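Enquirer: Plus 685 on top of the position in the sequence shown (first one is 1) and you've got our numbering. Using N, Cα and C, we set each Cβ at its ideal position, and we do this for glycine too. This one's a predicted model, so the numbers in the text were calculated from it and none came from an experiment.
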Amino acid sequence: MKCPVSDKNVRKLLACHPSLEVSRTDHHVRVRHRGTGDFVIVSSTSSDWRSLRKFQQDLKRLEAGVGYLQRSRSRRR
Numbered sequence: 686m687k688c689p690v691s692d693k694n695v696r697k698l699l700a701c702h703p704s705l706e707v708s709r710t711d712h713h714v715r716v717r718h719r720g721t722g723d724f725v726i727v728s729s730t731s732s733d734w735r736s737l738r739k740f741q742q743d744l745k746r747l748e749a750g751v752g753y754l755q756r757s758r759s760r761r762r
């Protein structure tokens, strides 16, 4: 079975967060919190260090309960 995340640094980050579920799309990986259903998206092709930093920040927000769904809800109010 092929691993959904090709970047080893992203795989290491995801290994530290067992409450997250990973699913693959064409060019992105969706990381979903099992408890809240909220998610973040990371590019599966980018190896730029800035994208890794952004993903680290997104994971911290997701663990705090502020993923993409929560942020979009707060913008609409």
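1. With DSSP collapsed to three states, give me the class of Arg719.
2. Is there contact between the segment 707-714 and the segment 749-759, where contact requires at least three CB pairs shorter than 8 Å?
3. Name the residue from Arg760, Gly722, His718, Val707 whose alpha carbon lies nearest to the alpha carbon of Ser728.
Expert: Here's the rundown:
1. coil
2. no
3. Val707
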